[in-house]
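To keep things clear, I will list the structure first and then write my remarks on it.
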Amino acid sequence: MTAAPGRLWPVVLAVQVGVFLAALEATVVGTATPTLIVALGGARLYPWVFAAYMLASTVAMPVFGGLSDRLGRKGPYLFAVTVFGAGAMVAGSARSMPVLIVGRLLQGMGAGGILSLSLIIFGDLFAGPRRARMQGLITGVWGVASLVGPVLGGVIVDRWSWRWVFFLNVPLGAVVAALTAWAFRETAPSGGARRLDLAGAATFVVGATALLLAVLVPGGAGPGEGLRRAVAGLVGVLAFAAFVRIEASAPDPLLPLSLFRERICAVGAIVSFFSAAAMFGALVHVPILVQWGQGTDATTAGLTLVTMSTSWSMGGLLAGQMMHRTGFAPLSVGGMALMTAGYLGLALRPGASWRLLLWIGGVTGLGMGVVSITLVVAVQTLVGVERRGMATAGLLFFRNVGATLGVAVMGAVLTARLGVGLADLGTGSGALPPGLAARLATEMGRVWWVGVGAAAAALVATFSLPGRLPAGTPAPRHVEGFEELIG
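Heads up: take any position in the sequence shown, counting from 1, add 1457, and you land on the working numbering.
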């Protein structure tokens, strides 16, 4: 792929705006969640607003990468942008929670294609040190999106309507598509295309969806719900068993199982899974506590998340500077200890003031930033260069799955403990009656203990990481996949 003469920077702009939109939609919805619950009902389904996006994105990434090897980059990229925009229209027009979830599913499919193809396109357009610098721009876009997203979501909800959290993507997506169609030029791809692991993708989606249904089916409402939970759980287990068998024999698997014969990949997957479950659970549920439990508006809730996102980025930068002096294990243990301490603060002080939440969120985000960059550098340093891309993708895979299940489990705990629809508890913009606010804070405390367990599991796993970089390893200047792992 090339850019038409004089049109390189429009291509760069199109790719970066696309990445920004996809990254923004992973964070901007958090502060809109309480308002969405009130506007659309279906309170027990709210974890799916996040889960559908992450699941679809996880599966779409390798699928779009394989399609681009067969069809070229331009067509699949334009299709991904179109699907993302269509999902935004569906979500913004939704009159019920199930329709919103369908829109988020489409958005996630498009976002997965945008994110994976953006990295591939920059790899095609640039070479050598310039490629590293341009790929590094994506890291900056992720950082900006993580900072802007929560506040932007809050401002849009408070000043306009939650629907514009989604509709805003449509005109910007049209700009991306127009620049792409105008500036991209490519020749037909030549040979060497990877086979699409559609069977693996299908069984993964079925298994993950079934397990999420098992978690999110309301409990205690009668034998019918219990039976549905059991059936969903059984389907999930069987589907994942089939997924493992398919991946073991697929020529180009969605998740190469051979990677996990190496300790760094196996331990890294465990840490990525549990740390993401804890972190993304906080990103989704802190706004509910701040808005409904403390009577603030969506903008204030967004500022709380900005503290977590800022410290996340700072933790990554700090780890990059310290890694050669401390090694992998000490940094990872320290980062997960910070995350666990932050979650303990949430669990022990569920009624904490907004200012105290800022400090707790900062500690939690700092720990996540340290662990994220340390894991990816450890994997990319210790596996062979021919497996580096697959190993990095494996970390991202488990991070997304962990984030999805973490949000689902915490959401199920909250809705089960409250015993009433969340929409009955508030309007998303004002304080609850004192009794209900206290009850929400108490039950949110139980949610935070789930996060403590996830963070502690990741902390225990970090003790199995290798200690130091091999002698003579140069300091990392750019980390492939870091832009994905900090998002």
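Every residue gets a Cβ at the ideal spot worked out from N, C-alpha and C, and that includes glycine.
So, helix, strand or coil for Phe1717, using DSSP?
Three-state DSSP puts Phe1717 in a helix.
Which class does Phe1920 belong to by DSSP, given the choice of helix, strand or coil?
Look at Phe1920 here: in three-state DSSP terms it is coil, with no helix or strand label.
Along the alpha helix (DSSP H) that carries Ala1795, what are the first and last residues, could you check?
Here residue 1795 is Leu; the residue named in the question, Ala, does not match the sequence. Boundaries of the alpha helix (DSSP H) harbouring Leu1795: Phe1785 to Leu1805, taken from the DSSP string.
Going along the chain, which residues of its own chain have a beta-carbon closer than 8 Å to the beta-carbon of Phe1536, five neighbours each way excluded?
Taking Phe1536 as the centre and dropping the five residues before and after it, the same chain places the C-beta of Gly1570 closer than 8 Å to its C-beta, in chain order.
Could you say which of Leu1803, Ala1865, Pro1787 and Val1828 lies nearest to Gly1902 if we only look at CA atoms?
The option with the nearest alpha carbon to Gly1902 is Leu1803.
Any contact between the region 1510-1530 and the region 1771-1786? By contact I mean 3 or more CB pairs, one from each, below 8 Å.
Result no; under three Cβ-Cβ pairs closer than 8 Å.
On the three-state DSSP scale, how would you describe Arg1946?
Given that the chain is displayed from residue 1458 to residue 1944, the structure contains no residue 1946 and the question cannot be resolved.
What's the gap between the Cα of Arg1934 and the Cα of Ser1829?
Caution applies to Arg1934, whose pLDDT of 44 falls short of 50 and renders its modelled position unreliable; the value that the coordinates give is listed next. The straight-line gap separating the alpha-carbon atoms of Arg1934 and Ser1829 is approximately 16 Å.
Using only the alpha-carbon positions, how far apart do Val1776 and Ala1794 sit?
Correcting the residue identity first, residue 1776 is Ala in this sequence and not Val. If I take the Cα positions, the gap works out to 14 Å.
Comparing alpha-carbon positions, which option in Ile1577, Arg1552, Leu1562 and Leu1922 lies nearest Val1836?
The shortest C-alpha to C-alpha distance from Val1836 to any of Ile1577, Arg1552, Leu1562 and Leu1922 is the one to Leu1922.
Bounding residues of the alpha helix (DSSP H) (the contiguous stretch that carries Gln1473)
For Gln1473, the enclosing alpha helix (DSSP H) starts and ends at Leu1465 to Thr1484.
In angstroms, rounded to a whole number, what distance separates the CA positions of Ser1575 and Val1701?
Those two C-alpha atoms are separated by around 29 Å.
Have a look at Leu1760 and Ala1656 and give me their C-alpha separation to the nearest angstrom.
Cα to Cα, Leu1760 sits roughly 42 Å from Ala1656.
What number of angstroms, rounded off, separates the C-alpha of Pro1807 from the C-alpha of Val1904?
Near 9 Å, if we compare the C-alpha coordinates of Val1904 and Pro1807.
Distance, Cα to Cα, Ala1638 vs Ala1758?
Going from the Cα of Ala1638 to the Cα of Ala1758 covers about 39 Å.
Could you name the residues of the same chain whose beta carbon sits closer than 7 Å to that of Met1511, not counting the 5 residues immediately before and after it, in chain order?
Only Gly1565, Asn1857, Ala1860 and Thr1861 meet the Cβ criterion.
Rounded to whole angstroms, what's the CA-CA distance from Ala1696 to Ala1671? Just pull it up for me.
Going by the C-alpha atoms only, they are around 13 Å apart.
At a cut-off of 6 Å, is Leu1691 close to the ligand ZN when judged by its beta-carbon and the heavy atoms of the ligand?
The model on display carries no ligand, and the ligand ZN is accordingly not part of it.
According to DSSP, is Arg1552 helix, strand or coil?
In the three-state scheme derived from DSSP, where H, G and I count as helix and E and B as strand, Arg1552 is classed as coil.
Report buried or exposed for Leu1813, applying the criterion of at least 16 other Cβ atoms within 10 angstroms of its Cβ.
The residue is exposed, with fewer than 16 neighbouring Cβ atoms inside 10 Å.
For Tyr1503, which three-state DSSP category applies?
Reduced to three states, the DSSP call for Tyr1503 is coil.
If contacts are defined as beta-carbon pairs under 8 Å, then Leu1497 and Ser1553 qualify, I think. What distance do you get, rounded to the angstrom?
Between Ser1553 and Leu1497 the Cβ distance is about 6 Å, and since that is below 8 Å, they are a contact.
Report yes if the C-beta distance between Met1736 and Gly1818 is below 7 Å; otherwise report no.
In this structure, Met1736 lies away from Gly1818, with their beta-carbon atoms at least 7 Å apart.
Within its chain, find whatever has a CB closer than 6 Å to the CB of Ile1613; leave out the 5 residues flanking it on each side and keep chain order.
The residues are Trp1621 and Val1622.
Please classify Phe1710 as buried or exposed, where buried requires at least 16 other C-beta atoms within 10 Å of its C-beta.
A small correction: the amino acid at residue 1710 is Pro; Phe does not occupy that position in the sequence shown. By the neighbour-count rule (16 or more Cβ atoms within 10 Å), Pro1710 is buried.
How about Leu1563 and Val1485: do their beta carbons lie closer than 7 Å?
Using a Cβ distance threshold of 7 Å, Leu1563 and Val1485 do not count as a contacting pair.
Just the C-alpha distance for Ser1770 and Leu1481, rounded to the nearest angstrom, thanks.
Using only the alpha carbons, I get a separation of about 15 Å.
Can you tell which of Ala1689, Ala1634, Val1694 and Leu1740 has the C-alpha that lies nearest to the C-alpha of Gly1868?
Measuring from the Cα of Gly1868, the nearest candidate turns out to be Leu1740.
Rounded Cβ spacing between Ile1721 and Leu1852 (contact assumed at less than 8 Å)
That pair is no contact at about 10 Å.
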